[in-house]
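Asks:
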Amino acid sequence: MKARFTSARTQTILAILLSSALVTAQTRIVPPDNGYSPAQDVELGRQAAAQVRQELPLLRDDLVTSYVDGLGRRLVAAIPSELRHPEFRYTFDVVNVREINAFALPGGPMFVNRGMIEAARDEGEIAGVMAHELSHVLLRHGTAQATKATKYEIGAIAGQVLGAIVGGTAGSIIAQGSNFGISTYFMKFSREYESQADILGVQLMARAGYNPQSMANMFQTLAKQGGGGPEWLSDHPNPGNREQRILQEARLLNATNNPSGNTPEFQRAQARLKGMSPALTAKDIQQQNQRRQPTGTSGRTVNVAPPSGSYRTYQPSNGMRVAVPANWDAVQSGGNSVTYAPQGAYFSGDNGGGSAFTHGVEVGVAQGTGDLQRDTNSLLRNFAQSNPDLQQSGRARNESVAGRSGITVDLANVSEVTGQPEYISLSTTELRNGGLLYIIGVAPRTEAGTYQDAFRRIRQNIQVADR
Ligand SMILES: [Zn+2]
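Shown next as structure tokens:
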């Protein structure tokens, strides 16, 4: 009796030793440097996911969605403790679209295309792509990439973050990865990050009881596919010897004999999808979205006198002086901003919808952190939320604003009043109290040349006494 007890204990100890040997045998993945907080990952991902849910048709079918959610949960349960971010919220949605693709956003939201589930030959193949996507999330590759870019290229980053949030027409998300869109930013990674996601993905699969060989198989399937397949591969480029590297890691983990996951649940989910009417293509969805676009007051004709050459100075708040063309009035003030516009250019939005102006400037103060580039990016994201067509059109420039160093960036938008393209110039600078001073100039694109000079004079001559 006693001897057997001892032997059982010895076995337990052996098992523990073995499992720790297993842990040291696996390749150690170190998350890249990241200047963002995990909470910022969550916020960025949340905003982008909201946009995705608005623009892409999610599959509403309990059997399939709970099946995919179950796969996701199984992988989440396998996340090693050092990569668990308590603030992350993992969600797994199925997008009812034909292309074979999947993507994940910072902080946890993941979207798997119906086409991916239909193309998989076993559950492990779906899990393989999901494990790879989840690894990008855990290693925080989206914001790590943003961190690197901010150091060198404020212009690109502002545009990309903005594009990440607003650029997402269905097409740019799913079909045209090279476009200015969510994919450009959060889903297109360097080979180094790809290699990390492959290896961590194998580790997650092994811990979840899958055979990582399935991941390599799915990558081969993607490579052979037309249509959506190459799209995933262009966002997730082959870091070199992809299949071999996956199998090598799988062997290190003794996971090559795990089951492939040809489960009854997998069979049921595929049968269910087969019984449905075929999914639309990303292109179909994009066209549908474009037809849906025009709303509200759009289509109005606006006639406005050009900016006067003489200027009038306003004092919107203590310590702030703003000089604007003499034929502009303060048409709206409230919260932390004031709008100056010529007659006929301001629409109060009384009959539904928000207020809007077609010509003029808005001057305001937003909350800042002392980091001008980052604050400008988050302001852009903020505007993008209420202006879905907003896009960066030029590079951000370092230009003096209110007599201090500032950033100016040109944007393109579609006026919600006229339905026509409009030119937007955004300038920012930090205030000494930590606030972010911003000046947004707006004019129809066809009149941009007439207004650019006025916008420049306004941002250069604005005075703030914040000492
Ligand atoms: Zn990847």
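Mind the numbering: the sequence shown is residues 265 to 731 in the numbering used here, read in order. Positions of the beta carbon are idealized from the N, C-alpha and C atoms, including for glycine.
Identify the continuous beta strand (DSSP E) that holds E686 and give its terminal residues.
Replies: Numbered from its first residue, the sequence shown carries residue 686 at position 422. P685 to E694 is the extent of the beta strand (DSSP E) around E686.
Asks: Is any heavy atom of ligand 1 found at a distance shorter than 7 Å from the C-beta of E458?
Replies: Taking the first residue of the sequence shown as 1, we reach residue 458 at position 194. Under cutoff, so the answer is yes.
Asks: State buried or exposed for Q318, treating a residue as buried only when at least 16 other CB atoms are found within 10 Å of its CB.
Replies: Within the sequence shown, the letter at position 54 stands for residue 318. When all chains shown are included, Q318 counts as exposed.
Asks: Quick check on N526: buried or exposed, where buried means 16 or more other Cβ atoms within 10 Å of its Cβ?
Replies: As a working mapping, residue 526 is identified with position 262 in the sequence shown. Its Cβ having fewer than 16 others within 10 Å, N526 is exposed.
Asks: Between F530 and ligand 1, is the CB less than 7 Å from at least one heavy atom?
Replies: Here the question's residue 530 lines up with position 266 in the sequence shown. No; taking the cut-off as 7 Å, the Cβ of F530 has no heavy atom of ligand 1 nearer than that.
Asks: May I ask you to report which of helix, strand or coil DSSP gives G372?
Replies: Here residue 372 refers to the residue found at position 108 when the sequence shown is read from its first residue. In this structure, G372 counts as coil in the three-state DSSP scheme.
Asks: Ligand 1 heavy atoms versus the CB of F375: any closer than 7 Å?
Replies: Residue numbering aside, residue 375 sits at position 111 when the sequence shown is read from its first letter. No, the Cβ of F375 stays beyond 7 Å of every heavy atom of ligand 1.
Asks: Which full runs of the alpha helix (DSSP H) of 4+ residues lie inside the segment 471 to 548, going along the chain?
Replies: The segment 471 to 548 contains these whole alpha helix (DSSP H) runs: 477 to 488, 492 to 499, 506 to 516 and 528 to 538.
Asks: In whole angstroms, give me the CA-to-CA distance for A648 and I703.
Replies: Sequence index remark: in the sequence shown, residue 648 carries index 384 (1-based). Sequence index remark: in the sequence shown, residue 703 carries index 439 (1-based). A648 and I703: Cα-Cα distance of roughly 15 Å.
Asks: Going along the chain, which residues of its own chain have a beta-carbon closer than 6 Å to the beta-carbon of Q489, five neighbours each way excluded?
Replies: Position 225 of the sequence shown, counted from the start, is the residue given in the question as residue 489. Only I364 meet the Cβ criterion.
Asks: At a cut-off of 7 Å, would you count F352 as near ligand 3, judging by its Cβ distance to the nearest heavy atom?
Replies: Absence of ligand 3 is noted for the structure shown, with ligand 1 being the only ligands found.
Asks: On the criterion of 16 or more Cβ atoms from any shown chain inside 10 Å, does N505 qualify as buried, or is it exposed?
Replies: Counted from its first residue, the sequence shown places residue 505 at position 241. Exposed: under 16 other Cβ atoms inside 10 Å.
Asks: Taking the CB atoms as reference points, tell me whether N475 and E389 lie closer together than 8 Å.
Replies: Residue numbering aside, residue 475 sits at position 211 when the sequence shown is read from its first letter. Residue numbering aside, residue 389 sits at position 125 when the sequence shown is read from its first letter. Going by C-beta atoms, N475 is not nearer than 8 Å to E389.
Asks: Let's see if you can read the secondary structure: which residues bound the beta strand (DSSP E) around T603?
Replies: Residue numbering aside, residue 603 sits at position 339 when the sequence shown is read from its first letter. Segment S601 to P606, the beta strand (DSSP E) holding T603.
Asks: Using CA coordinates, which residue listed in G698, T714 and S330 is at the minimum distance from G705?
Replies: For the purposes of this step, residue 705 is taken as residue 441 along the sequence shown, with counting starting at 1. For G705, the nearest C-alpha among the options comes from T714.
Asks: How would you label G616, buried or exposed, when you count the other beta carbons within 10 angstroms and need 16 or more for buried?
Replies: The sequence position of residue 616 within the sequence shown is 352, counting from 1. Residue placement at G616 cannot be trusted, given a pLDDT of 44 that sits under 50; what the coordinates show is reported in the next sentence. Exposed, since its Cβ has fewer than 16 Cβ neighbours within 10 Å.
Asks: Check whether the Cβ of T407 lies closer than 8 Å to any Cβ atom in chain B.
Replies: Included in the structure is just one protein chain, with no chain B present.
Asks: Going by beta carbon distance, what residues of the same chain come within less than 7 Å of A718, once the five residues before and after it are set aside?
Replies: Looking up residue 718 in the sequence shown gives position 454. P571 and P589, listed in sequence order.
Asks: Can you tell me whether A461 sits near ligand 1, meaning its C-beta is under 7 Å from at least one heavy atom of the ligand?
Replies: As a working note, residue 461 is residue 197 in the sequence shown. Yes, the beta carbon of A461 sits closer than 7 Å to at least one heavy atom of ligand 1.
Asks: Tell me whether the segment 595 to 607 and the segment 657 to 675 touch, counting them as touching only if at least three CB pairs, one residue from each stretch, are closer than 8 Å.
Replies: No, they do not touch.
Asks: Could you tell me the alpha carbon to alpha carbon distance between S612 and G563, rounded to whole angstroms?
Replies: Stepping through the sequence shown from its first residue, residue 612 is reached at position 348. Stepping through the sequence shown from its first residue, residue 563 is reached at position 299. For S612 and G563, the distance between alpha carbons rounds to 16 Å.
Asks: Taking 7 Å as the cut-off, is the CB of H396 close to at least one heavy atom of ligand 1?
Replies: For the purposes of this step, residue 396 is identified with residue 132 of the sequence shown, where counting begins at 1. The answer is yes for H396.
Asks: Identify which residue in P528, T633, V625 and N697 has its Cα closest to the Cα of R720.
Replies: For this step, residue 720 is matched to residue 456 along the sequence shown. Of P528, T633, V625 and N697, the residue nearest in Cα terms is V625.
Asks: CB A312 to CB L369, shorter than 8 Å?
Replies: Within the sequence shown, numbered from 1, the residue matching residue 312 stands at position 48. Within the sequence shown, numbered from 1, the residue matching residue 369 stands at position 105. Yes, Cβ-Cβ distance for A312 and L369 is below 8 Å.
Asks: Less than 8 Å separating the beta-carbons of G379 and T355?
Replies: Looking up residue 379 in the sequence shown gives position 115. Looking up residue 355 in the sequence shown gives position 91. In this structure, T355 does not lie closer than 8 Å to G379 by Cβ.
Asks: Please classify Q550 as buried or exposed, where buried requires at least 16 other C-beta atoms within 10 Å of its C-beta.
Replies: For this step, residue 550 is matched to residue 286 along the sequence shown. Buried, because 16 or more other Cβ atoms sit within 10 Å of the Cβ of Q550.
Asks: Nearest to T289 by CA position, among G334, Q467, N582 and G658, is which residue?
Replies: Against the sequence shown, residue 289 aligns to sequence position 25. Here the sequence assigns Ala to residue 289, which means Thr is not the residue at that position. Checking every option, the nearest Cα to that of A289 belongs to Q467.
Asks: Where does P542 land, buried or exposed, given buried means 16+ other C-beta within 10 angstroms?
Replies: Along the sequence shown, read from residue 1 onward, the residue named residue 542 stands at position 278. Result: exposed.
Asks: Restricting to runs no shorter than 4 residues, where is the alpha helix (DSSP H) found entirely within the segment 289 to 371?
Replies: Qualifying alpha helix (DSSP H) stretches, in chain order: 302 to 319 and 326 to 340.
Asks: Evaluate contact between the segment 507 to 515 and the segment 302 to 316, counting only Cβ atoms and requiring at least three cross-stretch pairs below 8 Å.
Replies: Taking 8 Å as the limit for Cβ pairs, the verdict is that the segment 302 to 316 does not touch the segment 507 to 515.
Asks: Let me confirm a value: I418 is counted as buried when at least 16 other C-beta atoms fall within 10 Å, else exposed. Which label applies?
Replies: Sequence index remark: in the sequence shown, residue 418 carries index 154 (1-based). Low confidence applies here, because I418 scores a pLDDT of 36, under 50, leaving its location unreliable; read the following figure in that light. It counts as buried.
Asks: Let me check understanding here. Comparing Cα to Cα, which of Q508, D499 and I722 lies closest to I463?
Replies: Along the sequence shown, one-based indexing puts residue 463 at 199. The shortest C-alpha separation from I463 is found at Q508.
Asks: State buried or exposed for R471, treating a residue as buried only when at least 16 other CB atoms are found within 10 Å of its CB.
Replies: Against the sequence shown, residue 471 aligns to sequence position 207. When all chains shown are included, R471 counts as buried.
Asks: From what residue to what residue does the alpha helix (DSSP H) around E387 run?
Replies: Taking the first residue of the sequence shown as position 1, residue 387 is located at position 123. Here the alpha helix (DSSP H) through E387 covers E387 to L402.
Asks: Starting from S664, follow its DSSP beta bridges and name the residues at the other end.
Replies: Working through the sequence shown from its first residue, we reach residue 664 at position 400. For S664, which the question treats as bridged, DSSP gives the partners S669.
Asks: What is the residue span of the beta strand (DSSP E) that S581 lies within?
Replies: In the sequence shown, counting from the first residue as 1, residue 581 sits at position 317. That run of the beta strand (DSSP E) goes Y575 to S581.
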